[in-house]
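Shown next, in structure tokens, is the structure this report addresses.
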Amino acid sequence: MATVNIVLTTTNARIQQQTASDDAIISQQDITLSASSQTSTVVATSLNGQDQFWEITTSGSNVRVAFGPNASVTVTATTGRLIPDGSTRWFRATPGYSPAVITSA
Numbered sequence: 000m001a002t003v004n005i006v007l008t009t010t011n012a013r014i015q016q017q018t019a020s021d022d023a024i025i026s027q028q029d030i031t032l033s034a035s036s037q038t039s040t041v042v043a044t045s046l047n048g049q050d051q052f053w054e055i056t057t058s059g060s061n062v063r064v065a066f067g068p069n070a071s072v073t074v075t076a077t078t079g080r081l082i083p084d085g086s087t088r089w090f091r092a093t094p095g096y097s098p099a100v101i102t103s104a
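Next comes the structure, spelled out in structure tokens:
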């Protein structure tokens, strides 16, 4: 079963490389992947100037991810950013946006 773990985290420092974050976790969600686009219920918000990042980890399948206004973002197996199976990627979070994910075998 392929899954993706989505974490919204904050930091006061700029992330220069992909490393495990020990900064505050605002929210997180696990999604079981399917061939249909699924939008996370986690939404980035504005937090007094702190930078927010999406930390997205895949397990069991390659994943495509796209970001957009909550409930209106979708992704297909050929659009969005590719995250290889077993990888973690970080993306700057835009307030009011959520990620959408889909399996990309």
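Per numbering that gives the first Met the number 0, the very first residue in the sequence shown carries number 0; after that it's consecutive.
Idealized CB from N, CA, C, for every residue including glycine.
Contact annotation: residue 9 and residue 49 have beta-carbon atoms nearer than 7 Å.
Straight across, the Cα-Cα distance linking residue 78 with residue 23 is about 30 Å. Only residues of its own chain outside the window of five on either side were considered, and among them 42 and 97 have a CB closer than 6 Å to the CB of residue 69, listed in chain order. In the structure shown, residue 69 adopts coil according to DSSP, grouped into three states. Residue 45 carries a coil assignment under DSSP once its states are collapsed to helix, strand and coil.
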